[in-house]
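From first to last, the protein sequence lines stand for chains W and D.
Residues in the first sequence are numbered from 5 upward in steps of one, following my numbering.
Residues in the second sequence are numbered from 19 upward in steps of one, following my numbering.
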Amino acid sequence: MTMASAEPYVTEDGRTIGGVVMELKNITLRFGGVVAIKDISFDIREGEIRAIIGPNGAGKSSMLNVISGFYTPTEGEVWFEGKPRPKMRPYQVAQQGIARTFQNIALFSGMSTLDNIMTGRITRMRTGLFSQALWMGKAEREETEHRAAVEKIIDFLEIQHIRKTPVGRLPYGLQKRVELGRALAAEPRLLLLDEPMAGMNVEEKEDMSRFILDVNDEFGTTIVLIEHDMGVVMDLSDRVVVMDYGKKIGDGPPTEVRNNKEVIDAYLGVSHD
Amino acid sequence: MFYREAGDFKTSYRDDSQTFPIRFDRYRYYAVLVVALAVVPFFIDSYWANALLVPFLIYAIAAIGLNILTGYCGQVSLGTGGFMAVGAYACYKLMTAFPDVNIVLHIIAAGGITAAVGVLFGLPSLRIKGFYLAVATLAAQFFLVWLFNKVPWFYNYSASGQISAPERTVFGIAVTGPNTEAWAKYLVCLLFVVVLAWVARNLTRGSIGRSWMAIRDMDIAAEIIGVNPLKAKLTAFAVSSFYIGIAGALFFAVYLGAVEVGEAFGIQKSFLILFMIIIGGLGSIFGSFAGAAFLVLLPVLLKNVLVGTLGWPTDLAAHIELMIVGALIIVFLIAEPHGIAQLWRIAKEKLRLWPFPH
């Protein structure tokens, strides 16, 4: 398993993706008596787009919260970059290079688009309190360097016109895009997207899909996404994990998963006769 | 007409992120600085200094301090009066223990001591939020006032229980004690205000300020994208208390000269400064000045108008004055819940387009 996981992997579309970046081993998550995730194992490979799908309440968001370090699994281990990850605070996980967006937008509504995305670079900024208080030399240089990096992301996401607008005033679709920008600003090793297309119209979904593919393609970012829209998932992802009632019922390339009996039953329902 | 960005091109990120992006604003700011530093000191008399300018400047420092904590970092505090008392008593102890050291250093050190005390009382903020945190800081307020009343060491065992500032000089000019000239008081406070406001601006525009605002706007998301909440909240408490401590030290040493802790730094002071930042505008340095000006200058102005111009009896005027100030606070908050700073921002937006509607 460990030997094979370092090998590259060729997807259905003929894309070659890298070795395993993250491995989730026998993850179980319980809240009191409620079992949100039951003994799930899967891996995430370098440079792939990995989708997690499943009906409502299947435990997808809980899984993402385990990956992002917001929840500590009751049982099981998260291996990141070949090492088991110790119990960490969420901000320490972020420092390791894992960034995410949220199902319900979680932007800093009082701040401008630019400041929101600049905040995404917080794990990369080093100057201390005193240097910033005087704003000479180091602090100002650092700010300018990071501003340049952020402007690249703003260009990439085509949101130049709202650079200085407070994000609370932006329409929903743009807020989603700013949130993606904030996650990208961290230049993450692993990018987690929790329903990036929820509540969007077709045009906005197309835009967002394009951005996700471009991020993966141009920056080589490994992406894990949760999505309900099956069409989008099948088009975007290289490999899919299917969850239902906290269990994994399918794992593999999109076409294989689509034809999996258990998956069809979970999604379409099954007659009990 | 002249209030325009047109023709004022920004060619670097440094220019683009400067404090006053519009040229007119920049000149206006320099003009205010020049008048405040080079003109006012020659004309100021003790009435103007003691009734208006010195308290305004000191409250502005305290308001900036509280605004950093409450307006920028979202942690509500009702302990401002207590922290000002820490600054005042720290300054007093340092002044009397080390009479040869420069008073400016004592005031800065008093800020440092208050910062440490502020961090200590800020620890509950790691577990509790909102109103509950406000109640925890209220405990700090009452505890600190009680402490300075009960432990005679803090007031050097003086019979009255008061502390009074001995005379100290800077470059041979008295800045504390009974022989201080009005202009010296004013200038000391002004220099502290200018430097501290500039530092506050620097802190709030960089990564530290953004981490404070991130915690304020959505603390869970902030932590997940990499803001260390412990560090962000405790630095906010430290910086805020540093400012409030300096304000307390100046309030005692330079402005009043002698204080009794319950009277000068009671719970009313905490509320007064909280009202200043709410009326002035949360999360705005200009708002801190506007709020301090509103609550310091307005009562004096009303008194002058009612007693001086209209000839009303003093006691009646004092009551009416409270009613008018109270009513104005309500009117302001209904008209613009985000304070004077927001009104100012809207006015500037309009001015940029004037005389065109949009």
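Every residue gets a Cβ at the ideal spot worked out from N, C-alpha and C, and that includes glycine.
- If the five residues before and after K209 of chain W are omitted, its C-beta is found closer than 8 Å to the C-beta atoms of M201, D233, V236, all from its own chain and listed in chain order.
- For L75 of chain D, the enclosing alpha helix (DSSP H) covers residues 72-84.
- L84 of chain D and I262 of chain D have their C-alpha atoms some 7 Å from each other.
- In the three-state DSSP reduction, M231 of chain D falls in the helix class (H, G or I).
- Cβ atoms of F160 of chain D and A310 of chain D stay farther apart than 8 Å, at about 24 Å.
- Per DSSP, the beta bridge partners of G254 of chain W are W:V246.
- Excluding five sequence positions before and after Q107 of chain W, the CB atoms of its chain that fall closer than 6 Å to its own CB belong to D198, E199, given in chain order.
- For P200 of chain W, no CB of chain D lies under 8 Å from its own CB, so it is not counted at the interface with that chain.
- Between S72 of chain W and chain D, the shortest Cβ-Cβ separation is below 8 Å.
- Secondary structure within the segment 109-143 of chain W: not one fully enclosed beta strand (DSSP E) run of 3 or more consecutive residues is present.
- For S45 of chain W, the enclosing beta strand (DSSP E) starts and ends at 38-49.
- Neighbours of I166 of chain W across chain D, judged by C-beta separation under 7 Å, do not exist; the nearest C-beta is about 15 Å away.
- At least 8 Å separates the beta-carbon of R167 of chain W from that of E146 of chain W.
- Against chain D, the CB of A152 of chain W has a partner CB under 8 Å away; the residue lies at that interface.
- The residue among D:A80, D:G148, D:I121, D:Q180 with its C-alpha nearest the C-alpha of T132 of chain D is D:A80.
- Look at the segment 68-102 of chain D: it has no residue with a C-beta under 7 Å from a C-beta of chain W.
- Its chain contains W201, Y204, L205 as the residues whose beta carbon lies nearer than 7 Å to that of P59 of chain D, once the 5 sequence neighbours on both sides are disregarded; these appear in chain order.
- Residue nearest to Y249 of chain W within the set W:M238, W:V267, W:R243 is W:V267 (criterion: CA-CA distance).
- Proximity of Y175 of chain D to chain W, defined by a Cβ-Cβ separation below 8 Å, is not satisfied.
- For I57 of chain W, DSSP records a beta bridge to W:V246.
- Here A78 of chain D really is in contact with V211 of chain D; their C-beta atoms are around 6 Å apart, less than 8 Å.
- A direct Cα-to-Cα measurement between T76 of chain W and H356 of chain D gives close to 40 Å.
- Buried is the label assigned to F139 of chain D, since at least 16 other Cβ atoms lie within 10 Å of its Cβ.
- Against E147 of chain W, the close residues of chain D are Y31, R32, S35, R223, G224, S225, in the order they occur along the chain (beta-carbon pairs closer than 9 Å).
- Its chain contains F260, G263, I264 as the residues whose beta carbon lies nearer than 6 Å to that of G129 of chain D, once the 5 sequence neighbours on both sides are disregarded; these appear in chain order.
- In this structure, the straight-line span from the alpha carbon of E144 of chain W to that of A365 of chain D is close to 30 Å.
- DSSP, reduced to helix, strand and coil, places G80 of chain W within a strand of the structure shown.
- For I126 of chain W, the nearest beta carbon of chain D is closer than 8 Å to its own beta carbon.
- Closest option to F350 of chain D, judged by alpha-carbon separation, among D:F293, D:W330, D:G329: D:F293.
- Judged by their CB atoms, G92 of chain D and R234 of chain D are nearer to each other than the 8 Å cut-off.
- Residue contact with chain W for S306 of chain D: absent (no Cβ-Cβ distance below 8 Å to any residue of chain W).
- I131 of chain D is not bridged by DSSP to any residue.
- Distance from the CA of F112 of chain W to the CA of P170 of chain W, rounded to the nearest whole angstrom, comes to 9 Å.
- Among the CB atoms of chain D, one or more fall inside 8 Å of the CB of W139 of chain W.
- In its chain, beyond the 5 residues on either side, I53, I227 have a beta carbon closer than 6 Å to the beta carbon of N220 of chain W.
- When beta bridges are read from the DSSP output, R104 of chain W appears opposite W:L196.
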